[in-house]
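Residue numbers (my numbering), protein chains in the order written: chain A, 1 to 377; chain B, 1 to 377.
Note sheet for the following structure.
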């Protein structure tokens, strides 16, 4: 639908009652930011929940009035006539607790103390997020999801939905995800966290009080993260060994010499202007902790026995952050439980980021799943 | 030879005359630290030069008197009865210019100004190092090398020897190396450099004057580097998702939760205690710049046409820093020039670090090459 813009408005819901968290702590008096697209049908059976990954929010699709370049982060996937077609489905995007994009997070005020949370914001897990999302659905009057959908960390939430609320999910679409982080994934997260925490402007997580932001740490965190989102191939194709300033070497250790350096520094600078350092710590920790097999002695098949949903898994051949092998572990564990599973391994050059991009085979696979499976129960 | 220790003594050679550098600058009045093992034969034909990688030195083999645990970094490869047998070969280890282990580097005094070099130490390239090494060999009275040998960045120096001084090298042994860095390699170097340069204790590279060391940056640099030295598989085997303190999660973003975090922090701490920040910048830049094909329009085959040596290339299956594909590029370019090339791709789980470890097939392959090829001209 060229020239068509779906205008959307962010909303917010307040929750007074305490939410128990995996850590044993609780959080109360919090807000969840969310958006909806399409119309809930009469029997409330066409709701699709979209869960977001590290650097995203409830603004999944559409644009804000008067801001034509404000497309949601999965606008190529969700909207009228798109793979998740909002003419048929009622789609909900929720911003997770601890985020810095609207829901209650570390830069907000603790209702008991009147102080900004900062480092005192409770550690939240994928399971906590799912429980918070379930409460929002309760308030919206949605008993059951036609589908829950997410990529990367969002895929972990989708998977967790099928385990925590098996009776409320008919389909789960888990894209570019993994059943847990491996040691290398945790290692990269830890580098990012150490860069932030050891930035003198972090002040133990209470930098708000000092009127500073640990930008140095955030820049490094984003640079290292960004490397893991891209494939070797796409980096070589886009940047290779190109110099930023033509052919002459500068012979400098601190100036930018190669295009890839310029690109990474730019990504780091942008990110440090808007992303909250405590949120970065919280979200990377939620990633580290996610491990449904843990309570079952590491046996993923036993862990997934609770799931009743039908599943669609998608992975990308050059994704080395969450490789196809990790998706296949989930597929195998579901098949061990005789669950219905579709699995697509897309041969795409873009690495982990492919889940946000316009690969036509990928979009078609998701479209077909929603048209042929989700739409029919 | 169990119970046998080769006692060694570091030496140093002063060079008064200026060395022209690739950058157009020169360096004069510098010292090179080196060690030798074995005996130079009468016709001076049994010399083997060992080039070092990022975190290593001239102390390649043997131990220092009274320090039984001071084995050189390649002590499993070089010594009496070892793959590079010092009963037959006269082996030389040299510490490169700009290092922090003995040769003149950023923490030494500029002879013209009387000030510590710091960030003013000239940028040095692989080619500069090779030229400095060649001058040392001149002073030692060694016209021709039986072999030049190195792993990783050391392999780049070995390759460069065959191009800069083709008539002085009979054999080149290039282990776990690459014809240049790709975009991802440069990207990881840039993350490390930014962590160091943006550490408030870096002071533009003149931290010595301030009595501080940019340890935060060095720690991050080492952590990210370390991840790239290990394979996914070996990280999962060694650490996996093991918690440091048993079974209970702490639910903390700043405390150590997983063993891999503890390991990486320890590596970072150790490194920041002894490695010089300016040296780290210089050596990673030398890696970035190395690209013999650059002067030939990117054509590696044309670049290697100058080489006259015979070659042995070794790569490791799980090395994702310098993958076997990168070694095969060198092999192909040499074969294009009808050079004699042996190539071994070792199926080893340890990633890039494998070149320093005790894989018996690897050690045997190098042993056989030295016994059957190098020893016979």
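Positions of the beta carbon are idealized from the N, C-alpha and C atoms, including for glycine.
| Check | Outcome |
| --- | --- |
| Let's see if you can read the secondary structure: which residues bound the beta strand (DSSP E) around residue 117/A? | No beta strand (DSSP E) contains residue 117/A, which DSSP labels as neither H nor E. |
| For residue 252/A, go through chain B and note every residue whose CB falls closer than 7 Å to its CB, in chain order. | 123 |
| Should residue 82/B be labelled buried (16 or more other beta-carbon atoms within 10 Å of its own) or exposed? | buried |
| Roughly how many whole angstroms lie between the Cα atoms of residue 313/B and residue 111/B? | 40 Å |
| Quick check on DSSP: helix, strand or coil for residue 17/B? | coil |
| Using a Cβ-Cβ cut-off of less than 7 Å, give me the residues of the segment 224-237 of chain B that come near chain A, in sequence order. | 224, 227, 232, 235, 236 |
| So, does the CB of residue 159/B fall closer than 8 Å to a CB anywhere in chain A? | no |
| At the 8 Å Cβ level, is residue 380/A part of the contact set with chain B, yes or no? | Only positions 1 to 377 of chain A appear in this structure, which leaves residue 380/A out of reach. |
| Go ahead and pull the three-state DSSP assignment for residue 271/A. | helix |
| Along the chain, where does the alpha helix (DSSP H) containing residue 207/B start, and where does it finish? | 207-210 |
| To the nearest angstrom, how far is it from the Cα of residue 285/B to the Cα of residue 253/A? | 6 Å |
| Quick one: Cα of residue 192/A to Cα of residue 218/A, how far? | 8 Å |
| Taking the straight line between their C-alpha atoms, what separation do you get for residue 106/A and residue 187/A? | 24 Å |
| Around the Cβ of residue 41/B, are there at least 16 other Cβ atoms within 10 angstroms (buried) or fewer (exposed)? | exposed |
| Could you tell me which of 55/B, 7/B, 288/B, 221/B sits nearest to residue 240/A, measuring between CA atoms? | 288/B |
| Output, in chain order, the set of chain A residues within a Cβ distance shorter than 8 Å of residue 261/B. | 186, 187, 190 |
| Which bits of chain B does residue 180/A rub up against, with CB to CB less than 8 Å? | 241 |
| Establish whether the CB of residue 248/B and some CB of chain A are separated by less than 8 Å. | no |
| Nearest to residue 55/A by CA position, among 214/A, 261/A, 283/A, 47/A, is which residue? | 283/A |
| Which residue comes first and which comes last in the alpha helix (DSSP H) that contains residue 329/B? | 324-336 |
| Taking residue 23/B as the query, report the chain A residues whose CB atoms sit under 7 Å from its CB, ordered along the chain. | 251 |
| Residue 106/A versus chain B: which residues are under 9 Å apart at the beta carbon? | What residue 106/A touches in chain B: nothing, since even the nearest Cβ is about 10 Å away. |
| Could you tell me which residues DSSP pairs with residue 426/A in its beta bridges? | Any question about residue 426/A goes unanswered here, given that chain A covers just 1 to 377. |
| Under 7 Å Cβ to Cβ from residue 136/A, same chain only, skipping five residues before and after it: list those, please. | 13, 32, 34, 94 |
| What residues from the segment 284-305 of chain A come within 9 Å of chain B, judged by C-beta to C-beta, listed N to C? | 284, 285, 288, 289, 291, 294, 298 |
| Going along the segment 190-216 of chain A in order, which residues come within less than 7 Å of chain B, judged by CB to CB distance? | 190, 191, 193, 194, 195, 197, 198, 200, 216 |
| Check for me: the alpha helix (DSSP H) holding residue 160/A runs from which residue to which? | 153-164 |
| Determine the extent of the beta strand (DSSP E) in which residue 36/B is found, giving its start and end residues. | 30-37 |
| Considering only their Cβ atoms, is the gap separating residue 195/A from residue 195/B smaller than 8 Å? | yes |
| Residues in the segment 319-341 of chain B with C-beta within 7 Å of chain E's C-beta atoms, listed in sequence order? | No chain E is present in this structure, whose protein chains are A and B. |
| Between which residues of its own chain and residue 1/A is the CB-CB distance below 7 Å, once the five residues before and five after are set aside? | With a pLDDT of only 48 at residue 1/A, under the threshold of 50, the placement of this residue in the model should not be trusted; the figure read from the coordinates follows. Around residue 1/A: 80, 81. |
| Do residue 356/A and residue 73/A have their C-beta atoms within less than 8 Å of each other? | yes |
| Report the rounded CA-to-CA distance for residue 37/B versus residue 5/B, giving the unit in angstroms. | 12 Å |
| What separation, rounded to the nearest whole angstrom, lies between the Cα atoms of residue 277/A and residue 222/A? | 11 Å |
| Helix or strand or just coil, what does DSSP make of residue 2/A? | Annotation note: pLDDT 47 at residue 2/A (below 50); position unreliable, coordinate value reported separately. Three-state result, residue 2/A: coil. |
| Excluding sequence positions up to five away, which residues of its chain have a Cβ less than 8 Å from the Cβ of residue 166/B? | 306, 307, 308, 309 |
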